[in-house]
Amino acid sequence: PCRLLDPFLVFEVLVGHKKPEEGPDKQVRRADVLLLFGLDEAPNLTRAQSASSTAVGLDPASFHTIAVVKSEDAARALEGDAAFARVLVDADNAIHKAFGAGKGGAMVVVRPDGYIGFRSQPIAPVAFADWWKNKIWGA
């Protein structure tokens, strides 16, 4: 159903991506997964790049950013874009449907426990930053 441009399990998208924790015991901690949809359309791509930059600016170790596109052409266009850790091709629209991502783009943060922590449609970097700041600092 979903073809990937690089080895990446869809399971990781649903439950959170494992990243090594820095420290003497090298424990594994899980990062929030930031899914960005609708990047096949130019205005959404700009907002998605902004959202990814926002995530990196807030806490780079806490987010694994994945661009979810509908075609391999769109995926090829994103190759080498440092804003996204991975590009996932969702040719059959299954992941878009599962996360309720319609036309106009969407962003979803999947917490390490597999629950949705944040969702916006369209992509809203400012609302995302506000959510993160409230989550961390209670502001």
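Using our numbering, read the sequence shown as starting at 590 and increasing by one per residue. Even glycine gets a Cβ: it sits at the ideal position worked out from N, Cα and C.
The bridge partners DSSP lists for residue 621 are 652.
As computed with DSSP, residue 708 is found in a beta bridge with 697.
Under the DSSP definition of a beta bridge, residue 626 partners with 657, 695.
Approximately 14 Å separates the beta-carbon atoms of residue 634 and residue 655; this is outside 8 Å, ruling out the contact. Within the model, the alpha-carbon separation for residue 724 versus residue 703 is close to 16 Å.
The C-beta distance from residue 714 to residue 631 rounds to 16 Å, too long to fall under 8 Å, and the pair is not in contact.
For residue 672, no alpha helix (DSSP H) run applies, since DSSP gives it neither H nor E.
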